[in-house]
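**Student:**
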Ligand SMILES: [Zn+2]
Ligand SMILES: [Zn+2]
């Protein structure tokens, strides 16, 4: 079950709800692959078809894009291989194709400046769950 975050700025009217975590449909790699670039999904498919994957972690993480300054949730995937290696995939920004910067620990994130007015400090609150 994922969390819905409500992001708001006290200085401007910016208000956005962002879904993080993962939903019910996100337990199948075939579904998860579609969130990544064609090149990445081919790599994921290759690991799977060669039986190299021990298990995987999929999560949408709160991120900020250095290109267009949008806050969004970015699909991230970690494949843990039988060999012990971990392979990580991060989706690109859906608006400008830059690599978004993941905001690590949402609840402990000290301050994120509002990307719209560049003035207020964003408030990040949990608004509910999704699945
Ligand atoms: Zn962007
Ligand atoms: Zn603002």
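In the numbering used here, the protein residues as written are 0 to 130. Glycine residues also receive a C-beta, built at the ideal position from the N, C-alpha and C atoms. Since the model is a prediction, treat every value here as computed from it, not as a measurement.
#1: Is it true that the region 89 to 102 meets the region 52 to 67, where meeting means three or more beta-carbon pairs spaced less than 8 Å apart?
#2: Report whether the distance from the Cβ of residue 10 to the nearest heavy atom of ligand 2 is below 7 Å.
#3: Are the CB atoms of residue 68 and residue 92 nearer to each other than 8 Å?
#4: Below 8 Å, can you find three or more Cβ-Cβ pairs linking the region 40 to 60 to the region 76 to 84?
#5: Among all the DSSP beta bridges, which residues are the ones paired with residue 71?
#6: Apart from the five residues on each side of it in sequence, which residues of its chain come closer than 7 Å, Cβ to Cβ, to residue 119?
**Tutor:** Quick look at the numbers:
#1: yes
#2: For this step, residue 10 is matched to residue 11 along the chain shown. Residue 10: yes, Cβ under 7 Å from ligand 2.
#3: Start at 1 with the first residue of the chain shown, and residue 68 comes out as number 69. Start at 1 with the first residue of the chain shown, and residue 92 comes out as number 93. Taking 8 Å as the Cβ cut-off, residue 68 and residue 92 do not qualify as a contacting pair.
#4: yes
#5: Within the chain shown, the letter at position 72 stands for residue 71. Partner(s): 62.
#6: One-based indexing of the chain shown puts residue 119 at position 120. Once the five neighbours on either side are set aside, the close Cβ partners of residue 119 are 8, 9, 10, 11, 113.
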